[in-house]
Amino acid sequence: MTTDYNVIGEQYRVGRQQAWRRHIEFYTMMRLIGNPAGKHVIDIACGEGTYSRALMEAGAASVIGVDLSETMVQLAAAMEAERPLGIRYQVGDGRNLGFGPQFDLAVAGFLLNYARDRAELEQMCRSIAQCLRPGGRFLTVNASPLCNFPSAPSFRKYGFEAATPPELYEGAPITFTIYLDGSQFNVENFHLSPATHEAALHAAGFHDIRWHKATLSPEAESMFPPGYWDDFLSMPPIAFIDCYR
């Protein structure tokens, strides 16, 4: 992974407050998850624990959050210490999680888009599949393989921009610049086609693969001027994948 979250961890935490993250990404993800009551969940690439906390608050039986960045795990653990929910956080690599089939649900926010090629993507997908019980579900949001970023509208008014080569190809870098008040930081992802994603998931033992579009929360529709979200929703820069082991 080229992006060092040990360096940008605090900025990333602040960046999660951007409106699209709450009213599109988080809203869509939680709507797709549905009711997690009684489920044992692993949150991969958990960051500062946004989904871990939401799932525990929604009634999950247990949640383990895993992230490659020690800084992000420390931020998540600090929030757990401040308001204990019973979540366990640990440093771990999504390519080699090391868990047996003990979870009913695996969620991952922005993990697969760090794979540089199909082999690395398959490595991630197999590692996740091995964590799930038969019939377990995997739901993830990533930079969208369906979005033609070179011809996409500007996302600057939403707080970020995407820079890519003139034509996307397998493994093409996508550099997101996230703008904060008085600062900015970059995150590098890689483009792999929808077909490559589906092939990697199938190879890992997943089936019933479904793609979901980003949706806007009803709250945001009333908070922002008419048409404000049109550029984001006309060619969404994020996509959701849902599948079962």
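Numbering (this note's numbering), first residue to last: 24 to 268.
Every residue, glycine too, gets a C-beta built ideally from N, C-alpha and C.
Proximity of residue i and residue j at Cβ, strictly below 9 Å
{"i": "A262", "j": "S167", "result": "yes"}
{"i": "L155", "j": "P107", "result": "no"}
{"i": "L91", "j": "Y181", "result": "no"}
{"i": "T163", "j": "A131", "result": "yes"}
{"i": "F229", "j": "F161", "result": "yes"}
{"i": "L191", "j": "F172", "result": "yes"}
{"i": "L144", "j": "T219", "result": "yes"}
{"i": "W234", "j": "I264", "result": "yes"}
{"i": "L128", "j": "G159", "result": "yes"}
{"i": "S177", "j": "D253", "result": "no"}
{"i": "P217", "j": "L256", "result": "no"}
{"i": "G72", "j": "M102", "result": "yes"}
{"i": "M147", "j": "R118", "result": "yes"}
Cβ-based burial, residue i [other Cβ within 10 Å; buried from 16]
{"i": "H46", "result": "buried"}
{"i": "P157", "result": "exposed"}
{"i": "P206", "result": "The sequence shown places Ser at residue 206, not Pro. When all chains shown are included, S206 counts as exposed."}
{"i": "E105", "result": "exposed"}
{"i": "S174", "result": "exposed"}
{"i": "V271", "result": "Any answer about residue 271 is impossible in this case: the structure gives the chain only from 24 up to 268."}
Boundaries (first-last residue) of the beta strand (DSSP E) holding residue i
{"i": "R156", "result": "L155 to A166"}
{"i": "I67", "result": "H63 to I67"}
{"i": "F263", "result": "I261 to Y267"}
Delimiting residues of the alpha helix (DSSP H) encompassing residue i
{"i": "Y28", "result": "Y28 to G38"}
{"i": "F133", "result": "Per DSSP, F133 belongs to no alpha helix (DSSP H) and is neither H nor E."}
{"i": "Y50", "result": "Y50 to I56"}
{"i": "D140", "result": "Where D140 is concerned, there is no enclosing alpha helix (DSSP H), given that its DSSP letter is neither H nor E."}
{"i": "L256", "result": "D253 to S257"}
Please give the ranges of any beta strand (DSSP E) in the segment 74-128, keeping only runs that are unbroken, at least 3 residues long and fully inside the region. Fully enclosed beta strand (DSSP E) runs of 3 or longer: 85-90 and 111-114.
If contact is defined by three or more beta carbon pairs under 8 Å, each pair taking one atom from either stretch, is the segment 38-45 in contact with the segment 101-118? By the Cβ rule, the segment 101-118 does not count as touching the segment 38-45, because fewer than three pairs are nearer than 8 Å.
With a floor of 3 residues, list each beta strand (DSSP E) that falls wholly inside the segment 171-240, ordered by position along the chain. Listed in chain order, they are 183-186, 195-203, 206-214 and 230-235.
The segment 65-72 in contact with the segment 237-251 per 3-pair CB rule at 8 Å: The segment 65-72 vs the segment 237-251: no contact.
Specify whether the segment 75-84 and the segment 51-62 touch according to this definition: at least 3 beta carbon pairs, one from each stretch, less than 8 Å apart. In the pairwise beta carbon analysis, the segment 75-84 is classified as touching the segment 51-62: at least three pairs are separated by under 8 Å.
Inspect the CB distances between the segment 205-216 and the segment 186-196 and report whether three or more fall short of 8 Å. Two segments are said to touch when three or more pairs of C-beta atoms, one from each, lie closer than 8 Å; by this definition the segment 205-216 touches the segment 186-196.
Is the segment 248-264 touching the segment 175-189, taking contact as three or more C-beta pairs under 8 Å? Yes, since at least three Cβ pairs between the segment 248-264 and the segment 175-189 fall closer than 8 Å, the two stretches touch.
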